[in-house]
Every structure is written in C-alpha cells, then in structure tokens.
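Residue numbers (the numbering used here): 1 to 872. From the three backbone atoms N, C-alpha and C, an ideal C-beta is built for every residue, glycine too. Each remark here refers to the structure printed beneath this line.
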Amino acid sequence: MNSIQIRQAFLDFFSSKQHFVANSAPMVIKNDPTLMFTNAGMNQFKDIFLGNSPANHLRIANSQKCLRVSGKHNDLEEVGHDTYHHTMFEMLGNWSFGDYFKKEAIAWGWELLTEVYGLEKNRLYVTVFGGDKADGLEPDNEAYDYWKAFVSEDRILYGSKKDNFWEMGEIGPCGPCSEIHIDLRDEDERQAMPGKDLVNNDHPQVVEIWNLVFIQFNRMNNGELKSLPAKHVDTGMGFERLCMALQGKKSNYDTDVFQPYIQKLAEMTGISYGSGKMTDVAMRVVSDHLRAVAFAIADGELPSNNKAGYVIRRILRRAIRYGYTFLEFREPFVHKLLPVMVENMGKAFPELTAQQDLISRVIAEEETTFLRTLSVGIHKFDQYLAAHPEKKVVDGQFAFELFDTYGFPIDLTRLMAREQGWEVDMEGFAAGMEAQKTRSRAAGTIETGDWVELKPATAETLFLGYDQLEAEVELIKYRRVSSKGKTYYQLVFDKTPFYAESGGQVGDRGVLESGDTKIHISDTQKENNLVVHIAEKIPQQMPSHFLAKVDGRKRQLTANNHTATHLLHAALREVLGHHVQQKGSLVNEERLRFDFSHFSRMTQEEIEKVEQIVNARIRENISQEEHREMEMAEAQNMGAMALFGEKYGDKVRVISFDKKFSTELCGGTHVHSTGQIGLFRIVSEGAIAAGIRRVEAITGADAERFVNEKIKELDAIRSLLRNPKDTVHAVEQLLEQNESLRKKLDAAQKDQAGQLVEEMAAKTEKIGGVNFIGQLVEMDAKMAKDLAFAIKNKVDNLFLVLGHAIDGKPGIVVMISENLVKERNLHAGNIVRNLAAHIQGGGGGQPFFATAGGKNPAGLDKVISEARKLLV
RNA sequence: GGGGAAUUAGCUCAGUUGGCUAGAGCGUUUGGCUGGCAGCCAAGAGGUCAUCGGUUCGAGCCCGAUAUUCUCCA
C-alpha cells in the first residue's frame, strides 16, 4: 500500500464503523496563549474533553497534521539525525465522546491493523496500564481482558504510569492508555532477542504505533482522581510510522512519505541517498522541514521574527543550513521540492494545492534572505580572522555576536574555523547564550493569580453584542495578572455585550456599572473560548451584578471599518482576480488593514477602481444580511469562503452585503447598512512578504478629513502660484526655472570665487622663502575651507592663514603646501591649535590642512600677526 | 515581551581613538580607440552619510529619541 491508500483505508475503516470523518484542524493555533501549534490529534477536541463545548458527533475519525519542535522527546536539532523523529507529522485518530469505550476501541484497533492492513500478528505487542499506588489505581485489567481475546498473554505487557497513563496537564481529564507496539527487526535479530524486552526501550525498530487513551478520570486541583460520568476514547497513530511498518521499511524516511523528496534532492545534487552519513542527514532534514514549513504557510503562518512565525523561520533556515553545508546548495532550493509535495499530499490537503504558488514564493524569498544573511556572516567572520591573524581561537563572545546579531549559525562558524585550522571558544559562546536566555526570561515573567470564582460556569459566555450595547451581566470569575510592574484584572461574565478581539477586529472598550461603582474595561480578549474583560482597576468589594455598557462610538467606527474590509475584499477579487485571498486583517476605530495574496504591485488605476467599487457599494446603502447559525455546507453553497488556517465550528455566522457581491464567514460586528460608512479611501498599498500585499484604508469622517486636507494643500499651492490654469504644468515650469537659476548662480559664484582667489593670491608675501598669505575674510567655515583649497591649487610653497568670521562666530583655516610640511616639519593641526587660543577656541586637523573655531572674533588680528611670526 | 545590530551614490559595500573638499567596484552618461566572445582608455553625472535633537571649535564617526530593516532569546 502506498501512503495515500494507507491514510484512506484508515478513514474508510472508521467511517464504516459510523464515525464522522473530520477535516484536519489548522496546524497553527490562534487564541490559545499556551500553545502555538497543534501538537496532538486531540487539540481540536480539547473543549469537548474539558466540558466547555458539547460534541456534535459522538464518533469521529481524522488525520490531523501536527507540529512539534520542542518538548520531552522532540528537539529540533535532532530531527534528521535518526530515522524516526519529525517536526511535522500526521496523527491518525478515532474518537468516542461518551459513546463506545475500551471494548470497541481495542477490537477495532486490532481488526484494522491485522485484517485491513494485514500486519503480522507475531510482530505486535500491546501494553496496558499496570496500576499506580500513589494514585490508588489498580492495573487496567478491563483492557487486559479485552486484549486477551485477540492476543496471546505473553504479548500483553503491563506498563508504568509514565508510559501508560495519559494526562493533558496538571489538572483535567486523564486516564489509562493501551499502546500497540510493533517489532520490525529482521528474523535473526528477533530470534536472538525477544521483542517484548525491547518495548518502550527507544529501539528504532521496536516502536509504538498506536496509543489508545481511555479517558475516565478528572484530575482535581488537590491531585485526587474523580471518575467521569462520560468516558471518552482518544487514539493516536503515527501515520509515518504506520507507513514504515506496512511498507516493510526500517526508517520512516524510507517510505513513500519522504522518499520522493529525498530522490528529488538526490537528482538535484547528484548525490545518492545512502552514500554518506551527513548527506543523508541533510536530505532527511530538508524533506522533513519542507513539509512542516509548507503546511504552516498554507495555514497562514509566514516566517517572521517572533512567535509562531519565528518557529517556522527557524525550521526553514535549518533546512537551508543543512542543504548549504552538506549538499553544497548556494542557490534557493527548498521551494523546488514543493511540486513533489503537492503531488504527494495535495489531494488529502487541498490547502496545499490551492496555495502552491504562494507557498513556493514565500519559501524562495526566505531562502534568498537567509543565504544573504549567511554571506554577511561569512564576511564578518573573514574580517575577524584578518584582524586577529595569530589568534587561532575564535572568541566565544564574537561567535555569539555572529549568531545573536547576524543570525549566523554556530555550527557554520565552527566549520569555517576548522577549515582554517582554528578553534571556537564554545564555553564563551554558551555563556553568551545563557545570559541572553536569563535576560529574556526575566523580562517575560507574567504572574497570574488564582481565579476568584463567584459562580460555577455552566456554558461559554453568551455574546449579546450583535443586538445590544448594554446588558445586565453577572460576574462568574476574575483574577489579577501582573507582568513587569503592570497589574490588571481579567473578568469573566455569564453573558456580555463586549466584543472580544478576534478575526482582526479589536476588542470593545466600555464601562461596568453597579450602584456607585464604575469599572472601566480597557479591552476585551479571547483565550480559546473564554471571553476575558480587562480592567486596570477594580474595587475592593467586587459586586456580582453589573450593567455593562460598550463604548458605542468606538464600536460604530470599528464597524464602519469592518464592513468596509468586506467590501474591499470583494472589490479586490473583482479587480485583481479570484486568487486574492485574505491573509490577515486588522480592524479598529481608526483604520483598517488588509493583507491578501497577490503577486504584483497594484497600479494606480487598480487602486482607483477598487475605491470606486467600494464607494459605489456604500452609496447603494446595502442592508446587512446576517445568518447567525448556519450549517457550514449551506454557507459554502451561498458562496461564503472559508479561510485557510481558520478554525470553524459546524455552525457558522454568515454576513452578506448583497449576496452576489460580498458573503463572508465572520463573527465581527458590522454596520446595518453600508451608507453609514460614508466614504472609503485607500491610504497605502505595499508588500509585506513574497506574494502578499497590504492595503490600508480609512472610512467615514477620517476619510473625509483626509480628502479635505489634500484639497486644502492643493488650494494652498494653487494660490501661491496665483491660481494657474494647469497647476502641474506651473510647478514643472517653476522647477525648470529654479534649476536653470541654480546653474547660473553656481557659475557666478565660481566666477566670484575665482576672483577672490586671484585677489588673495595677489596678497602673497614672501617671508623666509615661503609664500605667506594671512587675511581676514567675511564668510563661514565652509566657504573659507573651499577658498583655502582653491588658493592651494593656485599658489605653491604656500603657508595660508585665513581668519574668518560671520555672525560673531570666528574661525581659522591653516593650509600648508605638502613640500613645506615635509621640509620644515610643520603641522597645521598644531599651529591652528595654538592660534585658536587667541579667539578662545580649539581646533585641529591634518599636517597640511587644519581648522579651528572660537568665541572671540576680536582676536583674529592677533591670529594673523602671530602666524606671520612663525615664519620669521 | 526583552536583548543585539544595520541604515553612506541606482546596486553591493569601504570609511580605522571625531579633523573628509565622503570613497571603491558594478551600473549609468559622454567622447575616443577596437574586427567579435560582458573589449579598452578618458572624462562626467549621481550623496541634506535614515530622520530629529544634543555634545564639540569641528560629527558619516560620540550621546539621546524616532522610523525602517535584520537578528537572537522568551
């Protein structure tokens, strides 16, 4: 079976057991401060396990794309060095939410592996939870007994709490798990040592392929375990490992999941896989990382310099680094593997196919910039070597600077050093790294207080803000949060008219009133599905009931901009084409920002066209059409476009302004009819990444002000030009005139300067065989300097002292011909310093030319006379 | 969120304890030479050294703020 068939067989199998086949959730997570990426199949069902949301299907099966770059068993720096670690991987899972339990999960698991996939039974082992005294838990004999029906008892092993008891976190749902392991070793090895001794022993060919978790407890705050009324099944099977097992390979990278990339790399480099240790590692690294990065970009996460975007950048750069060092790539190459990936996975993951062009460009762009970073680093490194030729050891601090400031990888520094017979002081490097980490940690500490719970939460906070801006609300819980000396409070209510920041729209501001008590809410945010109201100050005695009032003006202005964003989106697609897709959006009370996929600069005509369309739609005063709870399928039939990387429930909210023009899935707040927006103006257009452009625009009174200011400005110019018929032409003429006058003036000044030089030259005195000129002139330092150089070209054997003053600021210029400098060992710098004493100043310069400035113009005469004396 | 850096000609970059009339290569313009393969020679244009403020007699260089970009850590 190839990998595509293997994935399909899994989904088909569980579909035949009445499972709903769900799509993979986005790999990049939004609205969860604790998690940046999906790292397990269960992430998208977290709210169901926590009891925050009900399950829409009791049985679900899916393949979930996951990403892990750090954690207990995952270190990015190790991926590629062995045969089984990955950053991005697929997790096949089947789920029961309060429906079937251990019996079916075990029976179906066995059936799928042995009958559908046809794995040899004598290679399989299963583990069950062996009990734990501290938690007062018995061994999971229930699971043991179910397994007994299929597996001989010498293949059922008891496992420890570490291996066979699964917990989501410190507290929350948890339970025993049962794992299926497979022994993939050759016959003779299996004879030599039984596989059961290698289970859970980090043997690369005796591996866990499937973990069945039976969630039956809830871990309470005090550590106690409480039995759950609804028991769940959560299973996860590593897709890449399964492929290895089914295809009879010894390494995940030998399966058709990875080989296409590896073969392509071999073709590109002329190096065959298997021919060298480090070239093999590099090929594995590149093929693994390509998948991770491509999926992340497809989900809307671009390489950048912080948070999730930074993780993506690091992964991609690691791939480039290995390609650069071991495969000798000097030009962007990773993006050239993308077509192979789309061919392999495009069917199962349509987001790849749809955005292939964009992903390719983003990767290529990042490759180019990183190769540039590398060349800057190499340059710095060479300079360092040249500056310390005898050292033979690269300073740790410098190596760290290269890494920290210029992004130059430490292993490359070491490699280059070794090539020159140098060492790198790794201790110094580590010290710099440690200091950096300490600094960051100290700055990033957030102190979160315990929730003060007034009332048990029964459901998610109900949002009332679509219909009303004021409401009676009840406080559920609140807590204090401090970071870096700033303290604020988070408040959660049973219901609220406040809109929490999401979908690009900023959170609401407003006030809570209870009797005489007023609490100002400065922002409203979402943590997963929790709506959190932010207050800087709260009273000592917290009331439980409030009248919550949203700042209506801010809300209205924000709604103007949000609706305008929808109109803009539709207009862009009309003008530029259907490849335009939203890639990011910010909507607040001042302006809107819209990022979208498009590959070239918008022309002035295109921008105007878009503005015209949007403004026409505003004048049509189209009424908002809202569907608050629509089936996803129905919404898509209406033409509403789902965004890649966005997570949607089964029921979605659909907002249309003229169904044929703009229909979007959106949770934001909008105007009732477009006329309220008044006016729409684009104020900027530019690129933010390869293939992604950003438009910023304003609406309403802000747009009006913007236009008025432009008109005022033009009026002012026109009136300065005495209201010409053609303003542009008038300005052009003015500029031309100005240019020609400037040239004339230049010529005249040159002429004058020439005369001045002549005059000065005529005042040459022969003193001691030297052409001495000592004069006072009325000009500034710059002019005096120019004059001095001009005279120098005219008079040889020159000793020139100019005393200049303008606006009461005196200065001195000393110029001495080079021959005199040499013959008489003169130094203009020293001379000018001495002379400057007479004008209460200081100065300096080179041997042949020096300047000084001072405070006392009256001393200038003395300067000249003293200068003359120097030659006598 | 915190740290480090960069910003000089159209492009790529030099510019060494503040003394600079700010340079190089490539590109560009003009002229001359040359029988071609990115030909050679000469001359020229092109810079408010990111912006604003400060220190200083004097700032591309030192200090502070801002903007933009790069980079590392969380």
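Residue j and residue i - do their beta-carbons sit closer together than 8 Å?
i, j, result
"H86", "E240", "yes"
"L402", "G377", "yes"
"I48", "A40", "no"
"L464", "T496", "yes"
"L491", "H545", "no"
"R681", "L665", "no"
"P539", "T524", "no"
"V342", "T353", "yes"
"R313", "P303", "yes"
"L592", "A564", "yes"
"I519", "V511", "yes"
"G323", "V334", "yes"
"P176", "N218", "no"
"Y125", "V199", "yes"
"A571", "V610", "yes"
"K307", "G98", "no"
"A762", "K794", "no"
"T127", "D154", "no"
Should residue i be labelled buried (16 or more other beta-carbon atoms within 10 Å of its own) or exposed?
i, result
"V683", "exposed"
"L415", "exposed"
"L595", "Strictly speaking, residue 595 in this sequence is Asp, with Leu absent from that position. Result: buried."
"V393", "exposed"
"H672", "exposed"
"D75", "exposed"
"Q259", "buried"
"M815", "buried"
"L454", "exposed"
"N560", "buried"
"R418", "exposed"
"K65", "buried"
"D197", "exposed"
"N211", "buried"
"N94", "buried"
"D702", "buried"
"I880", "With the chain covering only 1 through 872, there is no way to say anything about residue 880."
Which one or two residues does DSSP pair with residue i in a beta bridge?
i, result
"I816", "F799"
"S865", "The partner list for S865 (beta bridge, DSSP) is empty, contrary to what the question assumes."
"D234", "W95 and V213"
"G686", "R694"
"I773", "L800"
"D132", "L137"
"S482", "E447 and T487"
"E419", "Answer is none; E419 lacks a bridge partner."
"M341", "In DSSP, M341 forms no bridge with anything."
Measuring alpha carbon to alpha carbon, tell me which residue in the options is nearest residue i.
i, options, result
"V340", "I839, M268 and E301", "M268"
"K249", "F370, I538 and T83", "T83"
"E208", "R619, E470 and M91", "M91"
"V550", "G507, M193, G131 and H578", "G507"
"W451", "I791, Y478, A443 and L860", "Y478"
"I698", "F706, Q604 and G691", "F706"
"H566", "A640, T461, N306 and G449", "A640"
"T369", "E351, P350 and F408", "F408"
"C243", "L113, I607 and V213", "L113"
"S522", "H379, K30 and E501", "E501"
"V587", "H562, G236 and Q604", "H562"
"D299", "G686, M27, G859 and L787", "M27"
"L826", "A852, F799, I812 and A837", "F799"
"S817", "P810, G808, A828 and E620", "A828"
"K659", "E626, G675, R317 and E646", "E626"
Give a single yes or no on whether residue i has its beta carbon closer than 7 Å to a heavy atom of the ligand ATP.
i, result
"E301", "Ligands displayed in this structure: none; no statement on the ligand ATP is therefore possible."
* To do: Enumerate, from N- to C-terminal direction, the unbroken alpha helix (DSSP H) stretches of 4 or more residues contained entirely within the region 137-218.
  => 141-148, 161-164 and 187-192
* Asked: Going along the chain, which unbroken runs of the beta strand (DSSP E) with 3 or more residues stay wholly within the region 16-94?
  -> Within the region 16-94, the runs of beta strand (DSSP E) at least 3 residues long that lie entirely inside it are, in chain order, 59-67.
* Pick out the complete beta strand (DSSP E) segments inside the region 557-629, 3 residues or longer, and give them in chain order. => 582-587 and 592-597
* **Runs of alpha helix (DSSP H) lying entirely within the region 253-327, each at least 4 residues, in chain order** => 259-269, 277-298 and 307-326
* **Continuous alpha helix (DSSP H) assignments of at least 4 residues falling wholly in the region 384-443** => 396-406 and 410-419
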